[in-house]
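Step one of this worksheet: look at the structure below.
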Amino acid sequence: MPAAIIDGKAIAARITGEIAQEVTHLARSFNLQPGLAVVLVGEDPASQVYVNTKVKKCHELGIYSDRRVLPKNATMEELLKVIDELNHDPKIHGILVQSPPPPQIDEAKVVAAIDPAKDVDCFHAVNVGKMLIGDSDGFVPCTPYGVMKLLEYSGVNPCGKHAVIIGRSNIVGKPMLALLVQKAKGADATVTCVHSRTPDIASFTRQADILIAAIGKPEFVTSDMVKEGAVVIDVGINRVEDASAPKGYRIVGDVAYDEVSAKASMISPVPGGVGPMTIAMLMFNTLKACKLQNSIR
Ligand code: GUN
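Using this note's numbering, the first residue of the sequence shown is number 114, and each one after it goes up by one.
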């Protein structure tokens with residue numbers, strides 16, 4: 114039997130529907146509007162699409178947004194000045210600098226300059242630390258948070274399961290590991306993280322009850338790497354050339370969808386899986402930042 118599809122678009126719509134209701138409540142009861150600043154340096158086409166999608170979603174949910182686009186040759190000084198302005202702007206509760214920036218930008222310094230209270234990406238060391246120790250006063254990074262919500266809404270309880278993560282990035286792999294291993298409801302998994310220096314990756318992935326692919330390689334996970342009945346979450350968003358596609362490329366995940374869906378029990382598609390969840394959780398974090406900054410529980 115082919116795998117059940119984990120519909121990220123539908124789950125994200127349920128979550129953003131609840132966020133929109135809370136945004137309305139904040140306006141009525143506290144005269145408050147959550148605000149998100151999205152900063153883009155340069156003209157990378159994929160980043161432009163992501164930034165526009167985030168701004169559009171803010172608009173849909175009644176969240177104020179401020180898009181700042183700096184030229185591709187912008188200096189660190191110029192970018193840090195923008196961050197400082199946004200740190201002090203009372204209309205802005207969340208700040209996101211789209212990654213990856215151009216090479217002259219030191220991303221670590223930029224992240225460190227963002228006020229941790231406005232760090233809705235959860236990239237700042239303070240928030241990464243809070244997440245690791247399970248302190249709920251910080252943030253959870255949007256993509257791994259989206260994966261946890263996909264599992265929850267699909268009725269997959271990671272407790273006691275073997276979760277295998279492919280990839281060890283700061284944005285996905287490492288926080289995913291921290292969230293799944295947490296002693297908490299909806300977590301409590303045994304977790305393995307494999308990466309580019311792991312010999313025989315398939316020998317680990319074949320043990321996975323829950324397999325999370327976040328390696329950034331098109332269709333890397335093939336059916337021989339997957340255990341029968343596994344739950345497979347595909348975090349990859351890769352552009353591959355396709356002369357027959359209208360734009361000359363198409364988007365594929367890190368999982369060879371057709372063959373893996375014949376073996377898995379559940380699978381998230383690309384597009385329509387993790388992608389919409391990342392944006393939904395960004396909106397959630399912006400709302401949370403607004404409430405925390407105004408001491409609203
Ligand atoms: N680029 C790809 N994913 C992300 C993300 O979650 N946040 C930011 N700021 N940039 C990204």
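The beta-carbon is built from N, C-alpha and C at its ideal position, and this holds for glycine as well.
Keep in mind it's a predicted model, so treat the numbers as computed, not measured.
Judged by DSSP secondary structure, S178 falls within the beta strand (DSSP E) whose first and last residues are 177 to 183. Across the structure, G155 and A225 are spaced so that their CA atoms are roughly 20 Å apart. With respect to Q211, V164 sits close: the two C-beta atoms are nearer than 8 Å. Distances between the C-beta of I246 and the heavy atoms of the ligand GUN are all 7 Å or more. At a Cβ-Cβ threshold of 8 Å, G148 and I176 count as neighbours. Annotation for C255 indicates a beta carbon within 7 Å of some heavy atom of the ligand GUN. Cβ-Cβ separation between M244 and P288: approximately 6 Å, consistent with a contact (criterion under 8 Å). Boundaries of the beta strand (DSSP E) harbouring E354: 351 to 354, taken from the DSSP string. Shortest Cα-Cα distance from I284 to any of K169, V344, G259, A230 involves G259. Remark: the C-beta of Q211 is in contact range of the ligand GUN, defined as less than 7 Å to any heavy atom. For the options M394, G273, L290, C171, the alpha carbon positioned closest to that of Q146 is the one of C171. Within the region 201 to 235, the beta strand (DSSP E) runs of at least 3 residues that lie entirely inside it are, in chain order, 207 to 210. Judged by pairs of C-beta atoms under 8 Å, the region 222 to 241 touches the region 396 to 408, as three or more such pairs exist. For T391, the shortest C-beta to heavy atom distance toward the ligand GUN is below 7 Å. Relative to the ligand GUN, the beta carbon of D234 is positioned inside 7 Å of a heavy atom.
Shortest gap from the CB of I284 to any heavy atom of the ligand GUN: under 7 Å. Within the same chain, and ignoring the five residues on either side of L183 in sequence, the residues whose Cβ sits closer than 8 Å to its Cβ are V152, L153, V154, G155, E191, L192, V195.
Spatial neighbours of P229 in its own chain (CB-CB distance under 8 Å, excluding positions within 5 residues in sequence) are listed in chain order as H237, V239, N240, G251. By the Cβ neighbour-count rule, I246 is exposed, with fewer than 16 other Cβ atoms within 10 Å of its own. In the DSSP assignment, V136 falls within the alpha helix (DSSP H) that extends over 121 to 143. Looking only at K404, M379, I132, I392, the smallest Cα-Cα distance to I118 is reached by M379.
For P215, same chain residues with a beta-carbon under 7 Å away, outside a window of 5 residues either side, are V154, G155, K185 in chain order. Going by DSSP, D347 is part of the beta strand (DSSP E) stretching over 344 to 347. Counting the other CB atoms within 10 Å of its CB gives I350 a total of 16 or more, which places it among the buried residues. V253 carries a coil assignment under DSSP once its states are collapsed to helix, strand and coil. Collapsing the DSSP output to three states places T188 in coil. Shown here, C272 sits in coil according to DSSP, grouped into three states, outside any helix or strand. Within the DSSP secondary-structure output, V304 pairs in a beta bridge with A276.
DSSP, read as helix, strand or coil, puts A377 in coil. Here I392 carries a helix assignment [DSSP, helix/strand/coil].
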